[in-house]
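Presented below is the structure to which this report refers.
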Ligand SMILES: Nc1ncnc2c1ncn2[C@@H]1O[C@H](COP(=O)(O)OP(=O)(O)OP(=O)(O)O)[C@@H](O)[C@H]1O
Ligand SMILES: [Mg+2]
């Protein structure tokens with residue numbers, strides 16, 4: 404169970420405004436290969452801040468983050484190298500509007516992994532087929548629906564062959580009828596053994612796909628467990644209160 | 002009715018003869034039109050090179066300012082030395098922007114001519130420097146505004162894929178910025194062209210000064226000044242038409 408720890412977080416704190424806002428207030432976590440960790444919690448509990456700290460889009464005030472054993476909070480560590488191994492999917496997709504879908508997907512592998520363009524395009528086409536968007540390779544992001552954009556954002560991250568994917572509320576900006584198509588892609592990935600950390604309000608997804616559910620409040624992990632236990636038998640009053648509201 | 006028309010014809014005829022005489026006096030005699038030709042040449046040389054200098058300065062200043070703003074925290078956490086260097090550079094840029102945008106361009110030109118470059122006799126070069134340094138401040142703010150208008154999510158997407166800050170700028174942000182700022186940049190060049198008309202303050206013979214010299218020789222103000230205005234107008238209208246064309250092209254390529 405302890406082997407293959409991919410990400411190790413130690414005493415992570417993130418303070419704003421000279422410590423008056425404690426977005427993260429001491430988090431310890433281990434994420435193992437193949438795990439799907441689902442993070443839930445009320446608004447402002449620090450879920451996004453935690454996820455964004457994992458690839459140092461936010462710089463922690465205190466604490467350490469180890470990726471494959473390397474402490475990325477150490478300034479001497481090559482951060483860009485480590486970020487290549489951690490794909491990220493944003494709430495608002497963040498596709499590059501001036502590039503085609505194929506351009507979006509092949510940019511990083513060609514420029515960073517030095518993959519030949521032909522090979523990158525072939526890989527991108529295969530991934531597009533897998534998410535049912537093979538016919539949109541030449542389209543621009545502005546021509547796609549939200550659900551399509553998010554599926555592209557996921558396969559764009561996959562083009563870097565990451566070891567772990569981070570999702571920050573990937574379905575929150577979508578019209579309800581498009582949520583399913585994105586969650587389906589994520590379920591497929593989980594089934595294929597992709598390591599994932601997912602911040603979401605989709606409790607169905609957490610229950611069905613999560614190997615572990617983490618409940619955060621006030622910048623701390625209040626409770627974590629396998630989804631069956633956590634949802635059926637919440638121990639802390641904060642979680643009971645939260646679940647009563649969202650379920 | 003007929004008599005009125007006859008009267009009008011005679012008047013118009015006299016007016017036209019008068020016009021011809023003044024035109025001859027102001028532009029043909031002593032080859033006075035050469036003041037305008039040489040003046041326009043100087044105006045265009047000063048504008049083009051000042052614009053190039055301004056764009057170069059603008060890119061440098063905007064790069065320093067946005068790099069500092071976007072990476073302040075990461076530099077402070079990961080590279081203290083670089084942070085201090087960038088903070089100093091950023092402060093220098095801010096002072097430059099404040100001073101240049103807070104003082105009239107004529108005063109800047111006179112300081113350049115009578116103080117900084119007092120030993121130089123190349124007045125066109127002095128004007129290029131003064132107007133270029135002035136324009137750089139405005140161009141810098143155009144570029145900075147363009148970069149800041151790009152959603153931060155674009156930077157974050159680039160960084161999360163593993164691109165460095167500079168490669169994110171190069172591959173992802175700058176191509177979008179250029180599209181956004183090109184029209185504003187061309188408009189700045191048009192404004193610059195008109196601004197150079199104060200070059201005569203330091204005895205540079207630009208287009209405006211050329212017209213003024215003719216006025217001094219012929220003691221007739223109307224024709225030389227209207228001609229100068231007309232030439233500026235034609236150049237500006239042509240440039241504005243070009244900007245519109247560029248804008249339309251950018252719109253078409255936008256999807
Ligand atoms: N740049 C910032 N400056 C100041 N405070 C911030 C900043 N970013 C986040 N915070 C604060 O940190 C806390 C945690 O924010 P965070 O976005 O991580 O919450 P969240 O759990 O993702 O909430 P949501 O469900 O609304 O997305 C909030 O109180 C927020 O106001
Ligand atoms: Mg959030």
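Residue numbers (my numbering), protein chains in the order written: chain A, 404 to 650; chain B, 2 to 256.
Just so you know, even glycine gets a beta-carbon here, dropped at the ideal spot from N, CA and C.
Is residue 417 of chain A near ligand 2, going by C-beta to nearest heavy atom under 6 Å?
no
How about residue 673 of chain A: is its Cβ closer than 6 Å to a heavy atom in ligand 1?
The displayed coordinates of chain A run from 404 to 650. Any statement about residue 673 of chain A would go beyond what the structure contains.
Quick check: is any heavy atom of ligand 1 less than 6 Å from the C-beta of residue 722 of chain A?
In the structure displayed, chain A extends from 404 to 650; residue 722 of chain A sits before or after that span and is not available.
Determine the contact status of residue 613 of chain A and residue 439 of chain A, defining contact as a CB-CB distance below 7 Å.
yes
Beta-carbon within less than 6 Å of residue 508 of chain A's beta-carbon, same chain only, minus the 5 sequence neighbours each way: which residues are those?
527, 559, 562
Need the endpoints of the beta strand (DSSP E) that residue 485 of chain A sits in, please.
Taken as a continuous stretch (DSSP letters only), residue 485 of chain A belongs to no beta strand (DSSP E), being part of the alpha helix (DSSP H) at 482-487.
Say yes only if the C-beta of residue 549 of chain A is nearer than 6 Å to one or more non-hydrogen atoms of ligand 1, and no if none qualify.
no
How would you write the range of the beta strand (DSSP E) that residue 598 of chain A sits in, first residue to last?
598-602
Can you check the region 122-149 of chain B for any alpha helix (DSSP H) of at least 4 residues that lies completely inside it and give the ranges in chain order?
124-149
Kindly list, in the order they appear in chain B, the residues whose Cβ is closer than 8 Å to that of residue 478 of chain A.
78, 79, 80
Other residues of its chain near residue 500 of chain A: CB distance less than 8 Å, five sequence neighbours each side excluded:
543, 544, 545
CA-to-CA distance, residue 433 of chain A to residue 626 of chain A, given in whole angstroms
14 Å
What separation, rounded to the nearest whole angstrom, lies between the Cα atoms of residue 7 of chain B and residue 22 of chain B?
23 Å
Determine, using beta carbons only, whether residue 526 of chain A comes closer than 7 Å to chain B.
no
Taking the DSSP output, what are the residues bridged to residue 434 of chain A?
A:410
Could you tell me the distance, in whole angstroms, from the CA atom of residue 621 of chain A to the CA atom of residue 564 of chain A?
34 Å
Residue 449 of chain A Cβ short of 6 Å to ligand 3 heavy atom set:
As presented, the structure is devoid of ligand 3, carrying ligand 1 and ligand 2 as its sole ligands.
Using a C-beta to C-beta distance shorter than 7 Å, which residues of chain A count as neighbours of residue 160 of chain B?
460, 486
Just to confirm my understanding: we take residue 482 of chain A, look at its own chain, exclude 5 residues before and 5 after, and list those with CB closer than 7 Å. What are they?
459, 475
Once DSSP output is grouped into helix, strand and coil, what is the label at residue 443 of chain A?
strand
Supposed close pair residue 463 of chain A, residue 536 of chain A - CB separation, criterion 8 Å
Residue 463 of chain A to residue 536 of chain A, Cβ: 36 Å. No contact.
Kindly indicate if chain A contains any beta-carbon less than 7 Å away from that of residue 173 of chain B.
yes
Compare the C-alpha of residue 145 of chain B against each of B:69, B:117, B:154 and name the closest.
B:69
Is it buried or exposed for residue 645 of chain A, if we count other Cβ within 10 angstroms and need 16 for buried?
buried
Go ahead and pull the three-state DSSP assignment for residue 490 of chain A.
strand
So with Cβ pairs under 7 Å, would you call residue 638 of chain A a contact of chain B?
no
Between the region 519-526 of chain A and the region 190-202 of chain B, do three or more beta carbon pairs fall short of 8 Å?
no
Rounded C-alpha distance that separates residue 405 of chain A from residue 594 of chain A:
In this prediction, residue 405 of chain A scores a pLDDT of 48, lower than 50, which makes its location untrustworthy; no coordinate-derived value is stated.
In terms of residues, what are the limits of the beta strand (DSSP E) holding residue 33 of chain B?
Segment: none, residue 33 of chain B is in no beta strand (DSSP E) and carries neither H nor E.
At a Cβ cut of 8 Å, what residues of the region 415-433 of chain A count as close to chain B, listed as they run along the chain?
none
Mind checking residue 615 of chain A: buried by the 16 CB within 10 Å criterion, or exposed?
buried
Note down, in chain order, each residue of its chain lying with its Cβ closer than 8 Å to the Cβ of residue 77 of chain B, except the 5 sequence neighbours on either side.
84
When you measure from the CB of residue 575 of chain A to every non-hydrogen atom of ligand 1, does any distance come out below 6 Å?
no
Does the distance between the C-beta of residue 639 of chain A and the nearest non-hydrogen atom of ligand 1 fall short of 6 Å?
no
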